[in-house]
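If you read the sequence shown in my numbering, its first letter stands for residue 293, the second for the next number, and so on. For every residue, glycine included, the Cβ atom is placed at its ideal position computed from N, Cα and C. So the structure is just underneath, and the comments pick up after that.
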Amino acid sequence: MLYNQNSGDTHYLDSLSVQITELLDKRCLSTAEIYNALLESAETAIVIPTSEFALSTVLTNLKRTGLIEVST
């Protein structure tokens, strides 16, 4: 579970979303960098999307809920 201080909402995150938010908490990463970091991760409890496109869908959902920010 993750509490968003900006919205006041609490979100239940799956293992993949938790891993992504933890990666992005450390530094800004591109979709490709996130994808590669997930592939290199020793965490076997998560299901990694089969493509960067599938990962971008997960990232879009996290952005829509306000849990991550996308920089341009």
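- Between T313 and L354, the CB-CB gap stays under 8 Å.
- Your pair L315 and L321 checks out as a contact, with CB atoms roughly 6 Å apart and the cut at 8 Å.
- Ranked by Cα distance from Y304, the first of T349, N328, Y327, T357 is T357.
- No Cβ-Cβ contact shorter than 8 Å links I360 with L347.
- When the Cα atoms are used, Y327 and L294 turn out to be separated by approximately 22 Å.
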